[in-house]
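Asks: One structure is given below, represented as C-alpha cells, and several questions about it will come after.
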Amino acid sequence: MSEISSILKESRKFEPKKEFSKSSHIGSMAAYNKLRKAADKNPTAFWNKQAKELQWQKPFKKTLEWKFPFVKWFTGGKLNAAVNAVDIHLTTGRRNKAAIIWEGEPGDVRTITYQQLSIEVNKLANSLRSMGVKKGDVVGIYMGMVPEASMAMLACARIGATHNVIFGGFSGEALRDRLNDSKAVCLLTQDGVYRRGVPSSLKGAIDEKLDEVPTLKNVLVLKRTNQETPMLEGRDQWWHEVVNPQSSECKAEVLDSEHPLFILYTSGSTGKPKGILHTTAGYLTQVKYSMRMVFDLQESDIYFCTADIGWITGHSYVTYGPLMNGATVFLYEGAPNFPAFDRFWDMIDRHKISIFYTAPTAIRAFMRAGDHLPKKHNLSSLRLLGSVGEPINPEAWMWYQKHIGGGKCPIVDTWWQTETGAIMVSPMPGAVPTKPGTATLPLPGILADVVNKDGKSCKANEGGLLVIKHPWPSMLRNVFGNTERYINAYFSDFKKQKYYFTGDGARKDKDGYIWIMGRVDDVVNVSGHRLGTAEVESALVAHPKVAEAAVVARPDDLKGSALVAFVTINIKDLLSNPTHLELEALKTELKNWVAKEIGPIAKPDDIRFTDALPKTRSGKIMRRLLREMVTTGKTTGDTSTLEDFSALEKLRADEE
Ligand code: WTA
C-alpha cells in the first residue's frame, strides 16, 4: 500500500567534482559506504567514538540508555558546552583566530577572536551569576543578530543555566507565553535592532508584556541602537554597566551529560508551539560531527549561515557547531534586501566567504529578484553551498548551483528538525552525488527509513512516512513540561516498532535517496490519490513566471477535494502590469503546465495570485492557514509564529 503518491519526475544527477573530492573529509563513495555501513551496523559504537571528540571533565560510562521513548546518551560523564565551544581553542593556535566576523546592517564590522570571545562570555557568565542566576535556571534570550546573542547562549551554558532563545521578531505576547511556559528568571535583550535601514525598538516594543511574567527577576539590556528604552528599576539593567566591571575569569560548571542545555519553541506550521528540550553531551556530539563532515569544514573557511539564532539552525550551525570546530563564522545583523537584494552577494564578495548556508525560501526570493544581482559580485571564494528548512524545489536548486555556486560548488541539502537537533539526512560533499530536490542519504549512524502505516519499509519510489529507527545523540529529550505531548507527537504512531515519527512524508528512490514530500498534515487527497504538496508546488515553481507557490485542498463534491494553488509571480513579470485577461490566461497556462509536468491528477482546480504567502518566521509556508481559508473562509488557532500578518490579511480581503 502506498501512503502517498509520488509524481515528481527529476532525473538529473551531479557527481562530486574531482577538485573538491581531492581535499574533502570523505573523498569517494567507496570511503563513504564503508563508513556508513559500519556506523549503521552499530550506531552506538559509532557515536561513542564521536563523543570522544568532546572535552570531558569526567569520561562517560555508558553510551546509550534507551527505554522507549526516553533516551539518555553518554551517562556518567561530565562536561560543559561553553568549554567545548570556546576554552578548548585557547591553548591552541586558534586562540587568535577569528571566531566571529560580524557585519551590522549599517555596515559596521567587528571581528572577535576566540580569546576575545572567551573574555566576553566569561564576563557575561559572571554577570548572570551576580544577578543570582543558578545552574538549572531558565534564561530567555530575545535579541537580534549581534555577536552578544551567541555570547548569551554560551554564558548560560557556562553556568549551567538553560537558555530559551525567542526569535527577536516575535510579538510581546509570543515572548510572554514562551517565558512563562519555561519559567524564565532572567531575560537578555537589547534596546533595538537595525532592520531595513531603520532602528526598530526591541525591548520597548514588548516591555509591557514583561510585567506578565511573574518568574522574571532580571532583565539585561544591550545598547545597540541607542533608542529610548523603558527601564524598570530593580529589574532592568544596562548590559555594559553590569558586564564591563566583571572578571574575565569564570569557572565553568561541571555538568552531567544529560543536563538541559536549552529549550527552543518550535515555530511549527501547525498547533501551539512546543518547548523542545535538548541536553548537553548528545547534542554537542552530533552537532560537532555533522558540522565538520556535512560542511566539509577546513581550517581556512569563512562560514556564513543566514539563519537567525531564534531557530534551531541558529543554535546548531551558527553557534555551537562552528565554534566547537574552531571555525570562523560570519554573522549578519539585518535584512537580506537592505540596501538591495544583493546584500548577501556583496558580503560574500567583500569578506571572501567560502561556505554559504541558507533556506529555499530565501533562494526563491533571490531568484525572484533577478539573476543580474549575483552577477554584480565576485562569488569565486565560495566552495560549498547548503540549504535547509524545506524541500528545495529542483528549479531553485539549479539556480543556486549556477548563479551562486558558479557551477563548481557542491550543494548540501540538509534535512533535519528542531527535534532532531542536528542534521540527519544530507549528502557528504566530495563523496555522495547530488540530485536537485533531495537531501540524499542519512548520515552514518542515522537509521532513517520510509515506511507505510504498519511500519514496513516502502518499496523504491513508493511514498510513505519518514521515521528514524534508532535513537540518535542530538534527539530531543522531552517537550518541556509536557511529556504526554512528547509521546503523542513523536512516538505514538509506531509504538510497536519503537520508531520516532518525523511528521514528514517522503519516498526513497532506487539509490536510497530520500525525497521529502512535505509535512503529512499538508498532504492533499485528490480523487483518492494522496499527494505531497511539495511536489505540486515544485512543478508550479518550475514555470518561468512563478516565484513561489503553496498548494492546499478544499472540499469538492465531485472529487472529494480540489486543489487550490496560491501563486506569487516573478517581479519582472509583475512589473509589466498584467491585465485581468492576461492573468486569467496565465492561470490556464499554469494549470496546463502542471498537468504536463506531473500529470492531470495534480492539475490545480483553482489558482489565486498573491503578493506574499503567509509564512513562519523561519520561512515555512503556513498551509494550515490557507487550508482553513479556502474551506471555512476563516483562520483560527495560533498565528504567533506568522511572519507577516499583512500577507494573511490581504488574502482574507481577496477572499471576501
Ligand atoms: C522541513 C529546521 C525538506 C521538514 C532545521 C522538517 C526539510 C521541518 C528540510 C523541520 C530539507 C527541513 N528538505 N524538508 N532539507 N529541512 N525540512 O524544526 O518538513 O524548523 O520536518 O527545523 O522542515 O523544521 P524545523
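For what it's worth, this note's numbering labels the leading residue of the sequence shown as 4, then goes sequentially.
Yeah, the Cβ is synthetic: ideal placement off N, Cα and C, and Gly gets one too.
I'd like the span of the beta strand (DSSP E) that includes C308, first residue to last.
Replies: Looking at the DSSP string, the run of the beta strand (DSSP E) that includes C308 is 305-308.
Asks: Considering just the uninterrupted stretch of the alpha helix (DSSP H) at D210, what are its terminal residues?
Replies: Its alpha helix (DSSP H) spans residues 206-213.
Asks: Distance, Cα to Cα, F494 vs Q420?
Replies: Those two C-alpha atoms are separated by around 15 angstroms.
Asks: I think I572 touches K548, with their Cβ atoms under 8 angstroms apart; what is that distance to the nearest whole Å?
Replies: Confirmed, about 6 angstroms.
Asks: Distance, Cα to Cα, E659 vs A84?
Replies: Any answer about E659 is weak, because its pLDDT of 47 lies below 50 and its placement is not dependable; what the coordinates show is given next. Roughly 53 angstroms between the two C-alpha positions.
Asks: Cβ of E13 versus every heavy atom of the ligand WTA: is any distance shorter than 8 angstroms?
Replies: E13: no, Cβ never under 8 angstroms from the ligand WTA.
Asks: To which residues of the same chain is L191 closer than 6 angstroms at the C-beta, ignoring the five residues directly before and after it?
Replies: For L191, where only same-chain residues beyond five positions count, the Cβ hits under 6 angstroms are I144, A155, L223.
Asks: Any contact of the stretch 248-260 with the stretch 115-134, i.e. 3+ C-beta pairs under 8 angstroms?
Replies: Judged by Cβ distances under 8 angstroms, the stretch 248-260 makes contact with the stretch 115-134, as three or more pairs qualify.
Asks: Taking only heavy atoms of the ligand WTA into account, decide whether any of them is closer than 8 angstroms to the Cβ of S390.
Replies: S390: yes, Cβ under 8 angstroms from the ligand WTA.
Asks: Grab me the residues of D559's own chain with a C-beta within less than 6 angstroms of its C-beta, minus the 5 sequence neighbours each way, in chain order.
Replies: Taken in chain order, the residues that qualify are A565.
Asks: What is the DSSP secondary structure of P217, counted as helix, strand or coil?
Replies: P217: coil per DSSP, three-state reduction.
Asks: Report all residues from its chain with a CB closer than 7 angstroms to the CB of G79; omit the five preceding and five following residues, and keep chain order.
Replies: These residues qualify, in order along the chain: F63, K64, K65.
Asks: Around the Cβ of W69, are there at least 16 other Cβ atoms within 10 angstroms (buried) or fewer (exposed)?
Replies: W69 is exposed by the Cβ-count criterion.
Asks: My output table needs one value for E18: the three-state DSSP class, helix, strand or coil.
Replies: DSSP places E18 in coil when its eight states are reduced to three.
Asks: With a threshold of 16 other CB atoms inside 10 Å of the CB of A158, please say whether the residue is buried or exposed.
Replies: Per the 10 Å Cβ criterion, buried.
Asks: Of the residues A542, L219, R557, L584, which one's Cα is nearest the Cα of S530?
Replies: Checking every option, the nearest Cα to that of S530 belongs to R557.
Asks: Report the partner residues of K81 according to the DSSP bridge assignment.
Replies: Paired residue(s): K61, D259.
Asks: Just the C-alpha distance for S260 and A492, rounded to the nearest angstrom, thanks.
Replies: About 25 angstroms.
Asks: CB-CB under 6 angstroms to V596, same chain, minus the five flanking residues each way: which ones, in chain order?
Replies: Residue identity check: residue 596 is Trp in the sequence provided, not Val. Around W596: H546.
Asks: Going by DSSP in three states, Y403 sits in which element: helix, strand or coil?
Replies: Of the three classes helix, strand and coil, the one that applies to Y403 here is helix, per DSSP.
Asks: If we call anything under 9 angstroms between Cβ atoms a contact, is R611 one with A542?
Replies: No, these two residues do not count as a Cβ contact at 9 angstroms.
Asks: Have a look at S293 and T635 and give me their C-alpha separation to the nearest angstrom.
Replies: Cα to Cα, the separation comes out at about 44 angstroms.
Asks: Which of helix, strand or coil does DSSP assign to G317?
Replies: G317: helix per DSSP, three-state reduction.
Asks: Within the same chain, show all residues whose beta-carbon is closer than 7 angstroms to that of V86, passing over the 5 residues directly before and after it, in chain order.
Replies: Counting only Cβ-Cβ distances below 7 angstroms, and skipping sequence neighbours, we find Q58, A255.
Asks: Buried or exposed for E231, going by 16 or more other Cβ atoms inside 10 Å?
Replies: E231 is exposed by the Cβ-count criterion.
Asks: Figure out for me which residue from K25, E22, K606, A48 has the closest Cα to the Cα of G448.
Replies: Of K25, E22, K606, A48, the residue nearest in Cα terms is A48.
Asks: Between P202, R181, N229, which lies nearest to P217 when the distance is taken from Cα to Cα?
Replies: The residue with the shortest Cα to Cα distance from P217 is R181.
Asks: Could you check if W475 belongs to the surroundings of the ligand WTA, using beta carbon to heavy atom distance under 8 angstroms?
Replies: Not so, every heavy atom of the ligand WTA lies at least 8 angstroms from the Cβ.
Asks: Apply the 10 Å Cβ neighbour rule to K674 and answer buried if 16 or more other Cβ atoms are within range, or exposed otherwise.
Replies: Beyond the ends of the chain as shown, which are 4 and 659, falls residue 674; an answer cannot be given.
Asks: Taking 9 angstroms as the cut-off, decide whether the C-beta atoms of R627 and D525 are in contact.
Replies: Yes, Cβ-Cβ distance for R627 and D525 is below 9 angstroms.
Asks: Taking the straight line between their C-alpha atoms, what separation do you get for S621 and H28?
Replies: Looking at the two C-alpha atoms, the distance is approximately 30 angstroms.
Asks: Taking 8 angstroms as the cut-off, is the C-beta of Q58 nearer than that to any heavy atom in the ligand WTA?
Replies: Checking the Cβ of Q58 against the ligand WTA gives no.
Asks: Which of the three DSSP states, helix, strand or coil, is assigned to V124?
Replies: Helix at V124.
Asks: Does P150 come out as helix, strand or coil in the three-state DSSP assignment?
Replies: Reduced to three states, the DSSP call for P150 is helix.
Asks: Curious, which full-length alpha helix (DSSP H) runs of at least 4 residues does the stretch 321-352 contain?
Replies: Entirely contained in the stretch 321-352, the alpha helix (DSSP H) runs reaching 4 residues are, in chain order, 324-327.
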